Structure formats: C-alpha cells, structure tokens
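Those protein sequences? They're chains V and Z, same order as listed.
The working numbering applies: residue 2 is where the first sequence begins, and numbers increase by one.
The working numbering applies: residue 2 is where the second sequence begins, and numbers increase by one.
C-beta atoms are modelled at their ideal positions from N, C-alpha and C, and glycine is treated no differently.
Every value quoted in this text rests on a predicted model; they were computed, and no experiment measured them.
There are 2 protein chains.
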Amino acid sequence: MDGMDEDRADAWFHALSDRTRRDILRRVLAGEHSVSTLAAAYDMSFAAVQKHVAVLEKAGLLTKRRQGREALASGDVAAVRSVGAMLTELESLWRGRIARIDELIAAPEPHTRQAPTPCHTRKD
Amino acid sequence: MDGMDEDRADAWFHALSDRTRRDILRRVLAGEHSVSTLAAAYDMSFAAVQKHVAVLEKAGLLTKRRQGREALASGDVAAVRSVGAMLTELESLWRGRIARIDELIAAPEPHTRQAPTPCHTRKD
DNA sequence: ACAACCTACAACCAGGCGGTTGTAGGTTGT
DNA sequence: ACAACCTACAACCGCCTGGTTGTAGGTTGT
Chain V
2 MDGMDEDRAD AWFHALSDRT RRDILRRVLA GEHSVSTLAA AYDMSFAAVQ KHVAVLEKAG
62 LLTKRRQGRE ALASGDVAAV RSVGAMLTEL ESLWRGRIAR IDELIAAPEP HTRQAPTPCH
122 TRKD
Chain Z
2 MDGMDEDRAD AWFHALSDRT RRDILRRVLA GEHSVSTLAA AYDMSFAAVQ KHVAVLEKAG
62 LLTKRRQGRE ALASGDVAAV RSVGAMLTEL ESLWRGRIAR IDELIAAPEP HTRQAPTPCH
122 TRKD
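So this is what it looks like as structure tokens:
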C-alpha cells in the first residue's frame, strides 16, 4: 500500500520528464483545451499528442471531460501540489541533516565548544 | 538559450522518475554517503547503483566529492528547490485561469470585447 | 444521407533505459 | 609487495518509450 505512493510518484515524475507533456500541462492548467486543439500546437502527429495526454491523465495530472465529439482536457492543480509536497518532503530531510550537524557541534566536548554556526539553518 | 532550462527540467524529472534514485536522493540529502554504502542498501549490483548516482549527478541533484578511495555523495538542496519552484510556476498558471474565470463572472457587459487567449510560450 | 471532424486504439519501429557482467585503475592496511 | 577494497567504464540484453501510420467509431453541420 505504501508502494502505491511510490507508483504514483513514478507516474508523476515520468509524466513531467517530457517537455511536450510539461507544455501540455501548462496549457491545460491555464484553461480547458480539446485534444485536437492541443495537437495543433505541436509539430507531431495527433496520435502522439493523444498519447502524451493519456500519460498525463494516467498520472492524474490532467482530467478529460467529454463534450460532444471533443475531449476537453483540464489540468489538476491538486496533483501538481502533491508533487510539490513530495519535493518539500525531500527538503525536510536536508533540514534534518543540518539539525544533526548543529547537534554535533553543540554537544560533544563542553570545553572544546566553540561559537555555534552563524547559520541559515531554519527560518520558521 | 531558454531551451537549456527545458533540458535541465528534463534531467531533473527524469532523475526523479525512478524510485531507487529518489531513495538515494533522500539518503544523500540527509547526509553524505559513499557509493558503496549506498549500493549495499539495494538489491542490485554496485554498477547499477553507480549509474543511478551518475544520473542524479548529471541532473545536478547530487554532488560527489573524492576522499581517498571513496566517492562521497551529497544531495544538493538548491536543485531540489529549483524543481519545486518549477512546480510553483505551474501552479501560478492555474491561478491565472481562475483569475480569468473571476473576470468573466465579474464582467456583466457581454458586448464588451475581451482579449483572445494570449497563450504563453509560442515558438512557431 | 453524407462529408468533415474528433477521438480511440492497435501495430510497428528506432532509440533510450534499467539492469547485468567483466575489466581496469587507484587507495588502504598489513 | 600484496590482498582487499572502492570506483569507473564499456559491452551487452530485455523492455519501455516516443514517434509513426492505419483503421474504426461517434458527433456535427449541410
């Protein structure tokens, strides 16, 4: 079950690792676009763009809604935020490392203790 | 060259799209580790882990420093922040969309002409 | 009804990716 | 000096990916 988180992360980052898909995501975050409208913006076949949209959809970064003969794609900002949250989580690991370094400097030998790091460790 | 930005983003997201690499990044963000220490943590060959580290290094998410016979890897939190900033940028596009919707709701004059979608980053 | 359009999906192909093994060179400790 | 260790890199192999074309079905306008 917690491997599913990793599965989602795999899909997220893989979807974002292609510049065409990132550009598509930008467009559909800014507003709804039909697949053919999107396809017209790129120098590749309709089917190729369709596959890119499918990758983004499978990753949950985009949702499609059917209106008549068109498929209107819309970006999911919550998913984008989730990706951002994962990055923030990585950052917090780094902050933990700094905290550990501070600990080492502050703790071991009382008489060899020097001025604590000037330090940018935290701002919260 | 703004295509270089896209190249960097390609490398970032591709590097992050593998769960082993994300795990390696977590470890080296939390503290320095030699490549062999990292390799011991995974059920794959040393060379495989070495390649993962190389991918992260090429993407700028990790730096290596040589100490004796060991290569000590350390996570680069600034790069992680850059990735996060790119996500935030995507979010801002979405906020622009909402602003545009608000505009439509707020504008009670249907006969007044509105600007057609300016649609960012045209490269045609 | 018909043509034009939009979408979906399958089959196919070149190239890249994640993994392996093997080989070679530099560093450390005895 | 020697063995043990750590790293780097090349060659190879399935598999997946990003692109293509082709075919089929649903929707719209005339």
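Positions of the beta strand (DSSP E) runs, each at least 3 residues long and wholly inside the segment 65 to 116 of chain Z, are given as 71 to 76 in order along the chain. Counting along the chain, the unbroken alpha helix (DSSP H) around residue 37 of chain Z starts and ends at 36 to 41. Classified as exposed, residue 49 of chain Z has fewer than 16 neighbouring CB atoms from the shown chains inside 10 Å of its CB. If the five residues before and after residue 59 of chain V are omitted, its C-beta is found closer than 7 Å to the C-beta atoms of 12, all from its own chain and listed in chain order. Put simply, the segment 99 to 106 of chain Z does not touch the segment 70 to 89 of chain Z. Fewer than three CB pairs are less than 8 Å apart. Using a Cβ-Cβ cut-off of 9 Å, residue 82 of chain Z is close to 88 and 92 of chain V, given in chain order. In the DSSP annotation of this structure, the continuous segment of the alpha helix (DSSP H) that includes residue 11 of chain V starts and ends at 3 to 17. Non-local C-beta neighbours of residue 40 of chain V in its own chain, meaning closer than 6 Å and more than five positions away in sequence, comprise 47 and 50, ordered along the chain.
The beta carbon of residue 49 of chain V sits no closer than 7 Å to any beta carbon of chain Z. Annotation: Cβ neighbours of residue 11 of chain V in chain Z (cutoff 7 Å, chain order): 18 and 20.
Here residue 20 of chain Z is not near residue 92 of chain V, since their CB atoms are 7 Å or more apart.
Not one beta carbon of chain Z lies nearer than 7 Å to the beta carbon of residue 66 of chain V.
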